[in-house]
Amino acid sequence: MIGMTPLLVFLFSVFSSSIQSETVIPPRQTTFSVTDYGAIGDGKHYNTPHIQAAIDDCHAAGGGSVRFPTGNYLTGTIYLRSGVILNITENATILGGTRLKDYPLESRKWYVVLAEKVTNVLITGWGRIDGQGGKFVKKMDERKNVMVSWNSTGACYGDKCRPRLVGFFDSRNVTVSNVILREPAHSNLHIVRCENTTIDNLILEGDFNIPNNNGVHIQDSNNIVIKDCLIDNGGHAITLKAHTGAVHNLTVIQSELRTRSSAIKLESSSRFGFKGLLFDHITILDSHRGLTLQLHDRGNASDITFSNIEINKDYNDSMSWWKRSEPIYITTCPPAPPHDLNSKVLGGGGGSVTNLQFINISSHSEDGVFLSGSSEGVLSNLKFINVNLTYYRRKPAKDLEEYGLVDCRHRGCRVDGYDDIECQSIAGMILENIDGLLIENMKMRWNKSEHLKGWNRALDFSPSTVNNITLLGFNSGFISHA
Ligand SMILES: *[C@@H]1O[C@H](CO)[C@@H](O)[C@H](O)[C@H]1NC(C)=O
Ligand SMILES: *[C@@H]1O[C@H](CO)[C@@H](O)[C@H](O)[C@H]1NC(C)=O
Ligand SMILES: *[C@@H]1O[C@H](CO)[C@@H](O)[C@H](O)[C@H]1NC(C)=O
Ligand SMILES: *[C@@H]1O[C@H](CO)[C@@H](O)[C@H](O)[C@H]1NC(C)=O
Ligand SMILES: *[C@@H]1O[C@H](CO)[C@@H](O)[C@H](O)[C@H]1NC(C)=O
Ligand SMILES: *[C@@H]1O[C@H](CO)[C@@H](O)[C@H](O)[C@H]1NC(C)=O
Ligand SMILES: *[C@@H]1O[C@H](CO)[C@@H](O)[C@H](O)[C@H]1NC(C)=O
Ligand SMILES: *[C@@H]1O[C@H](CO)[C@@H](O)[C@H](O)[C@H]1NC(C)=O
Ligand SMILES: *[C@@H]1O[C@H](CO)[C@@H](O)[C@H](O)[C@H]1NC(C)=O
Ligand SMILES: *[C@@H]1O[C@H](CO)[C@@H](O)[C@H](O)[C@H]1NC(C)=O
Ligand SMILES: *[C@@H]1O[C@H](CO)[C@@H](O)[C@H](O)[C@H]1NC(C)=O
Ligand SMILES: *[C@@H]1O[C@H](CO)[C@@H](O)[C@H](O)[C@H]1NC(C)=O
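Those letters in the sequence shown? Residues -21 to -1, 1 to 461, by mature numbering (1 follows the signal peptide of the UniProt record, and there is no 0).
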């Protein structure tokens, strides 16, 4: 089936380079077109071995570019190798297969494009990688689609058993730039245990009704830049997890996030720390939660700045479990008993948060800022400088009973399940277990024309758990309708 043998392609490219001048050493930067390997971009033929052969030859040649010309290239998992540039050109699409047999046996390797232990790789070209997520929908549901689950083999359990789009594991110098990653069946882009990663000029598109449809998921990785991205996904837009190692030195700048879940989330199952993170010049379009730190598993977080961020929590979803929810939400939990009393798995909790700054933030939301440390995981040295918080309702007052006043789902700490949920009324800022909070130049605004019942306290804290608060310029009032 392969049109030209890989060896011929290699010889041809060496030859074509050397005819320019016989004395010049052929450049290492060689191009391998997938169509030369027999790939057919008709969206119907599977091209897995052809694409893989092009990548393997490119790697064997010491690196270069694997080019996808115009066309739709259907494929099972393809493995990216060191030194390879995946050049998916403007009108080319890599289409992820929809059959179980398109993916490796181990479910943790279910990605359309997978890179393990590679260095110096790049995915670019303004083309697309498309997971065909829609084809994994078993039953459409506005609240949450019922998805195909490939758990029949026992490979994995429950409703998360389907392929992701692009994954990098244990790799160095990874760049994903100028591409469109769309319609993942599960989540979109994973960076796990990687060093030196650049993600820029990306469009990540998912479906609001597909569950677990996260945008960028960074785990146990350091030195990361995410810039000029547009992320529009049903799951969290950017999620960070420190599960087997720390996450430090990460910058996210100049990006737009739209999500049905949290725009930025530091995940709860983080046993290691987060340090040195900057989120700057970010616009959050619709979202349920804006900025979330949910440290429920011993990991600490420190030296984190959120600056120049506009949070529009306008997503008005009467279907979901999120209730009204918060623009900024931080919780830590005390140590919990082991998850499984018969195993040596440690319980979570106890993470603390220190040196956190919010500078130049403006938000529109239904619920307030929620800052809740725990006795073992105090929030210390927090700063809110130049912050405008505007509160108004999207859900009608008559639905208070049905929707509750606050997001009860993850409020505070849960030892097991949902048993200690406390649905209190909403305040502009709710503070618990904090040591050192500076608020400098904060404006809180309320929509006067609305029914304020259960919803009209500005600051809510008690001195027994909250120590050393400084307010320098705090103004609360109604929205002026001038
Ligand atoms: C990708 O291919 C296009 C079209 O051939 C070319 O213009 C571009 O320079 C290539 N990019 C890289 C990084 O190789
Ligand atoms: C891609 O397709 C568009 C629309 O058909 C066309 O205008 C453009 O020239 C194509 N680009 C390339 C590189 O073929
Ligand atoms: C990183 O990878 C790119 C290819 O994407 C390469 O051009 C560059 O030289 C690499 N950087 C280092 C420091 O090796
Ligand atoms: C597959 O997932 C479904 C839905 O969560 C569950 O009912 C079933 O027990 C799972 N089967 C296996 C073999 O994991
Ligand atoms: C990551 O990049 C930094 C700065 O460019 C460099 O000093 C370091 O060696 C790189 N780390 C790895 C593991 O490539
Ligand atoms: C932080 O990450 C950036 C981008 O990868 C890198 O250039 C810089 O050297 C890193 N800084 C440290 C202290 O590692
Ligand atoms: C978190 O911080 C506490 C207090 O400084 C420290 O005892 C603990 O080891 C830290 N946890 C991790 C996972 O680094
Ligand atoms: C906050 O905004 C002001 C006014 O636009 C600007 O001068 C300042 O540099 C910003 N601060 C940060 C940390 O970006
Ligand atoms: C807060 O609102 C004031 C106007 O009342 C405006 O001048 C200022 O720039 C706003 N700050 C932010 C961070 O949006
Ligand atoms: C929000 O959704 C509820 C329930 O569907 C609806 O009644 C209400 O009008 C919506 N509010 C806005 C501002 O769209
Ligand atoms: C109170 O908190 C501020 C930060 O807001 C910190 O600079 C100061 O040292 C703290 N004071 C005491 C007595 O802990
Ligand atoms: C304030 O409430 C009024 C009356 O319910 C509504 O018409 C208006 O849109 C609200 N303003 C905002 C900014 O939501």
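Glycine included, C-beta positions come from ideal geometry on N, C-alpha and C.
Any idea what DSSP makes of residue i, helix, strand or coil?
i: K117; result: strand
i: N66; result: strand
i: R87; result: helix
i: K96; result: coil
i: D15; result: helix
i: T449; result: strand
i: H188; result: Reading off the sequence shown, one finds Asn at residue 188, where the question assumed His. Coil at N188, not helix or strand.
i: K374; result: coil
i: S131; result: helix
i: D439; result: strand
i: D21; result: strand
i: K139; result: helix
i: R277; result: coil
What are the boundary residues of the alpha helix (DSSP H) that includes residue i?
i: A39; result: 27 to 39
Could you tell me the boundaries of the beta strand (DSSP E) in which residue i lies?
i: Q111; result: It is not in any beta strand (DSSP E) - Q111 carries neither H nor E in the DSSP assignment.
i: D414; result: 413 to 425
i: K206; result: 201 to 206
i: N212; result: 209 to 212
i: T77; result: No beta strand (DSSP E) contains T77, which DSSP labels as neither H nor E.
i: E184; result: 174 to 184
i: G269; result: 268 to 274
i: Y308; result: 307 to 311
i: F285; result: 280 to 291
i: N360; result: 358 to 370
i: T262; result: 253 to 263
i: residue 466; result: Because the chain in this structure spans residues -21 to 461, residue 466 falls outside the shown range and cannot be described.
i: A242; result: 241 to 245
i: E162; result: Element bounds for E162: n/a, residue is neither H nor E.
i: N51; result: 50 to 54
Could you check the C-alpha separation between residue i and residue j for me, to the nearest Å?
i: K80; j: R143; result: 15 angstroms
i: N152; j: I261; result: 25 angstroms
i: F285; j: G356; result: 21 angstroms
i: residue 462; j: L417; result: Past the boundaries of the shown model lies residue 462; the chain is included only from -21 to 461, so the question cannot be answered.
i: V63; j: T176; result: 15 angstroms
i: R239; j: H165; result: 14 angstroms
i: H38; j: Y16; result: 15 angstroms
i: R141; j: D120; result: 18 angstroms
i: D211; j: N454; result: 34 angstroms
i: H169; j: N334; result: 27 angstroms
i: L74; j: I458; result: 49 angstroms
i: K254; j: V91; result: 31 angstroms
i: F349; j: L270; result: 10 angstroms
i: K206; j: T77; result: 31 angstroms
i: L451; j: L361; result: 14 angstroms
i: Q233; j: L368; result: 21 angstroms
i: F115; j: L183; result: 18 angstroms
i: D346; j: N295; result: 12 angstroms
i: S266; j: P313; result: 28 angstroms
i: I290; j: Y136; result: 35 angstroms
i: V394; j: G352; result: Its pLDDT being 46, under 50, V394 is placed unreliably in this model, and the value from its coordinates should be taken loosely. So the two alpha carbons sit approximately 15 angstroms from each other.
When you measure from the CB of residue i to every non-hydrogen atom of ligand 2, does any distance come out below 6 angstroms?
i: E162; result: no
Less than 6 angstroms separating the Cβ of residue i from some heavy atom of ligand 11?
i: G415; result: yes
i: N447; result: yes
i: residue 531; result: Examination of residue 531 is not possible in this model, given that the chain is present from -21 through 461 alone.
Under 8 angstroms by Cβ, that's how I've got residue i and residue j pegged, so tell me the actual separation to the nearest angstrom.
i: G104; j: T68; result: 5 angstroms
i: L101; j: T56; result: That belief does not hold up - the Cβ atoms of L101 and T56 are roughly 19 angstroms apart, past 8 angstroms.
i: I263; j: I288; result: 7 angstroms
i: L245; j: A280; result: 6 angstroms
i: residue 465; j: V158; result: Nothing about residue 465 can be read from this structure; the chain reaches only from -21 to 461.
Could you check if residue i belongs to the surroundings of ligand 1, using beta carbon to heavy atom distance under 6 angstroms?
i: T103; result: yes
i: I64; result: yes
Taking only heavy atoms of ligand 9 into account, decide whether any of them is closer than 6 angstroms to the Cβ of residue i.
i: S331; result: no
Would you say the beta carbon of residue i is closer than 6 angstroms to some non-hydrogen atom of ligand 12?
i: E69; result: no
Return yes when at least one heavy atom of ligand 6 lies under 6 angstroms from the C-beta of residue i, else no.
i: T175; result: The question names Thr, yet the displayed sequence has Asn at residue 175. Result yes, Cβ under 6 angstroms from ligand 6.
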